[in-house]
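Trainee:
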Amino acid sequence: MDNWLYTEVIKEDDLRVPTFARQSTINWMKALRFEIVNEHGRSTKEQFESCVRHFKTAYPKKLAPLNNSYIFESLYSSLTGCLALQTSAKSASKESWMLPSAIVSWYYSVYFSVLSMFGSTGQNVDDNHASVYRAFGSNLSDQMPHPLNMKATHVNNEEYKPLLPQYASVSSFSLSKTFPETEDAAKGMLLEYLSGNAKYYTWLTKERILKKADYSDFRTKIAKEERNRQLPKTVAFMHCAFRYRGKANYRDGIYLTYGKASADETKGFLEDMKIVSRFAFIAALALAYRSPLNPEVAKFLEDIDKNLKGIECLADDECFWRVL
Numbered sequence: 192m193d194n195w196l197y198t199e200v201i202k203e204d205d206l207r208v209p210t211f212a213r214q215s216t217i218n219w220m221k222a223l224r225f226e227i228v229n230e231h232g233r234s235t236k237e238q239f240e241s242c243v244r245h246f247k248t249a250y251p252k253k254l255a256p257l258n259n260s261y262i263f264e265s266l267y268s269s270l271t272g273c274l275a276l277q278t279s280a281k282s283a284s285k286e287s288w289m290l291p292s293a294i295v296s297w298y299y300s301v302y303f304s305v306l307s308m309f310g311s312t313g314q315n316v317d318d319n320h321a322s323v324y325r326a327f328g329s330n331l332s333d334q335m336p337h338p339l340n341m342k343a344t345h346v347n348n349e350e351y352k353p354l355l356p357q358y359a360s361v362s363s364f365s366l367s368k369t370f371p372e373t374e375d376a377a378k379g380m381l382l383e384y385l386s387g388n389a390k391y392y393t394w395l396t397k398e399r400i401l402k403k404a405d406y407s408d409f410r411t412k413i414a415k416e417e418r419n420r421q422l423p424k425t426v427a428f429m430h431c432a433f434r435y436r437g438k439a440n441y442r443d444g445i446y447l448t449y450g451k452a453s454a455d456e457t458k459g460f461l462e463d464m465k466i467v468s469r470f471a472f473i474a475a476l477a478l479a480y481r482s483p484l485n486p487e488v489a490k491f492l493e494d495i496d497k498n499l500k501g502i503e504c505l506a507d508d509e510c511f512w513r514v515l
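Letter by letter, the sequence shown follows residues 192 to 515 of the working numbering.
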């Protein structure tokens, strides 16, 4: 009776693997955080300058951004998600029940950063998850700084080639192992998670087809052709982020909050999420700065300092948006 709830869950779904679910969830965020800091610097100023340099190369021609409301309201929503994670990371000890909702905050912070980036590049994308992750994979991924530019490209049938574009020779590293805080392990875990998501979206596509089709498998030529036609051409970072949120919010939430807890693990996980969401915000800010909206970026940052409720509760170093 030590784990009654888990026993009841397994009766209905014996395919769940709690150790791997928890470890892979934590390790993906550790790997993202490690690569961001290693590639772009520890401070937000360093990261901002790194992203500005990157976008000057990625977008050498003048951009034609959408309206300010679309870009800067999205950026502001991203910022509040970052701040929520920052507050959680600062105050947490063993309160593991914070983790599922923290992952949701992380996802929406990243999601709104991406909406802002669409706006800065003149792309009006429907405000729903599937439209955003598909458009990101097709129209933004290749221009993103590492590691946001990860992608798995459809090769043939159900085969995908996962890739970190700037590090094409990297090899996968198991997400179920303890993260050793090395470049090879971090990049390998990102590749491993990307590969797993390509398999997941392949499965999801097949399930969606079978619900509407007159066939029950993909052995026939017509079934294979329909599967290949509907499979995503690219599975990218936002595909991974959306599934990450879904796993924490639904199927795998129990493994984040149930069983033995470690204060260091909970706090470290929140800290990693804070750093990754903050980088997504900084990248979006840098892209707006790269566009013809350079003066508006300065006005936006000044406005936050004047009108963000509760800003007086933050120390100067917690106001990470002050990068200009």
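Note that the Cβ used here is the ideal one computed from N, Cα and C, for glycine as well.
Do you know how far the Cα of N348 is from the Cα of E397?
Mentor: Taking the sequence shown and counting its residues from 1, the one referred to as residue 397 is at position 206. Taking the sequence shown and counting its residues from 1, the one referred to as residue 348 is at position 157. For the record, residue 397 in the displayed sequence is Lys; it is not Glu. Approximately 12 Å between the Cα atoms of the pair.
Trainee: Use the C-beta contact count for R513: other C-beta atoms within 10 angstroms, 16 or more gives buried, fewer gives exposed.
Mentor: For the purposes of this step, residue 513 is taken as residue 322 along the sequence shown, with counting starting at 1. So R513 ends up on the exposed side.
Trainee: Helix, strand or coil: which one does DSSP assign to E372?
Mentor: As a working mapping, residue 372 is identified with position 181 in the sequence shown. Three-state DSSP puts E372 in coil, outside helix and strand.
Trainee: Tell me the DSSP secondary structure of H337 in three-state form.
Mentor: Numbered from 1 along the sequence shown, position 146 holds the residue referred to as residue 337. Coil.
Trainee: In terms of DSSP beta bridges, what is Y351 paired with?
Mentor: The residue given as residue 351 occupies position 160 in the sequence shown. H345.
Trainee: Nearest by alpha-carbon distance to L266: which of S282, A343, P483, A471 is it?
Mentor: Counting from one through the sequence shown, the residue named residue 266 turns up at place 75. Closest by alpha carbon: A471.
Trainee: Could you give the distance in angstroms between the alpha-carbon of S300 and the alpha-carbon of R420?
Mentor: Locating residue 300 in the sequence shown gives position 109, where the first residue counts as 1. Locating residue 420 in the sequence shown gives position 229, where the first residue counts as 1. When rounded, the distance between both Cα atoms is 32 Å.
Trainee: Tell me the DSSP secondary structure of A283 in three-state form.
Mentor: Here residue 283 corresponds to residue number 92 of the sequence shown, with the count starting at 1. It is coil, neither helix nor strand.
Trainee: Enumerated in chain order, which unbroken segments of the alpha helix (DSSP H) with a length of 4 residues or greater are wholly contained in the region 396-442?
Mentor: Runs found: 412-421, 428-440.
Trainee: Can A489 and S304 be called in contact, C-beta distance under 7 Å?
Mentor: The residue given as residue 489 occupies position 298 in the sequence shown. The residue given as residue 304 occupies position 113 in the sequence shown. No.
Trainee: Under 8 Å, with one C-beta from each stretch per pair, do the region 454-468 and the region 354-371 reach the 3-pair mark?
Mentor: With a cut-off of 8 Å, the region 354-371 and the region 454-468 do not count as touching, because too few Cβ pairs lie within range.
Trainee: Rounded to the nearest angstrom, how far is the Cβ of H231 from that of P371, given a contact under 8 Å?
Mentor: In the sequence shown, counting from the first residue as 1, residue 231 sits at position 40. In the sequence shown, counting from the first residue as 1, residue 371 sits at position 180. That belief does not hold up - the Cβ atoms of H231 and P371 are roughly 21 Å apart, past 8 Å.
Trainee: What is the rounded straight-line gap between the Cα of I473 and the Cα of C242?
Mentor: In the sequence shown, residue 473 corresponds to position 282, counting from 1. In the sequence shown, residue 242 corresponds to position 51, counting from 1. Their Cα atoms are separated by approximately 8 Å.
Trainee: Leaving out five residues before and five after Y324 in sequence, what residues of the same chain have Cβ atoms less than 8 Å from its Cβ?
Mentor: As a first step, residue 324 is located in the sequence shown; it is residue number 133 there, counting from the start. Hits under 8 Å: A427, M429, H430, A432, F433.
Trainee: Thinking C-beta only, is D405 closer than 7 Å to R224?
Mentor: Taking the sequence shown and counting its residues from 1, one reaches residue 224 at position 33. Taking the sequence shown and counting its residues from 1, one reaches residue 405 at position 214. In this structure, D405 does not lie closer than 7 Å to R224 by Cβ.
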